[in-house]
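Numbering follows full-length UniProt numbering, with no gaps: position 99 of the sequence shown is 99. C-beta: ideal position from N, C-alpha, C; glycine also.
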Amino acid sequence: VTINYRLGILGFLKTQEDLSDNQHCCFAISDIEAALRWVNSNIAAFGGDPSRVTLVGHDTGAALVNSLMLLTSARGLFHRVTLLSGSLLSPWAVVTSPHSALLQVTEQVGCTT
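Have a look at this one:
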């Protein structure tokens, strides 16, 4: 099964400052979690085993899979992972100033409030 998730600012722009343990600001992660819930509910109808879901991610996908490994809301949705050419520790995966990125985007699109 191949899944898709929102890209660019629609998938990765941080819009909240404080998040609880079960929340995250990345819509891409929300998309992946929704897809994994669908897989768990429906994969048996296609001959798959919902107790043997393996995630494979490359580059940014690997960092996202790595993120899912840490989220309590994703527990039980997958059982094994393969990370290819990326992780949460990759220098490009760390946003050092997410709020300033949000301000820059809102300014560029003319949204001041």
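Take V105, set aside five residues on each side of it, and the residues of its chain with a beta-carbon closer than 8 Å to its own are I9 and L13, in chain order. Listed in chain order, the non-local C-beta contacts of L83 below 7 Å within the same chain comprise G57, A62, V65 and N66, local neighbours out to five positions each way being set aside.
Following the DSSP letters along the chain, one finds H79 in no beta strand (DSSP E), marked with neither H nor E. By the C-beta density criterion, V1 is exposed, having fewer than 16 other C-beta atoms within 10 angstroms.
Under the rule that a run must span 4 or more residues, no alpha helix (DSSP H) segment is found entirely inside the region 31-56. The C-beta distance from Y5 to I43 rounds to 18 Å, too long to meet the 8 Å contact threshold.
When the five nearest sequence neighbours on each side are left out, no beta carbon in the same chain lies closer than 7 Å to the beta carbon of S97. Taking F27 as the centre and dropping the five residues before and after it, the same chain places the C-beta of R6, L10 and G11 closer than 7 Å to its C-beta, in chain order.
When only Cα atoms are considered, D49 and G76 end up about 13 Å apart. Counting along the chain, A63 sits inside the alpha helix (DSSP H) bounded by residues T60 to L70. DSSP places L89 in the coil class of the three-state scheme, outside both helix and strand.
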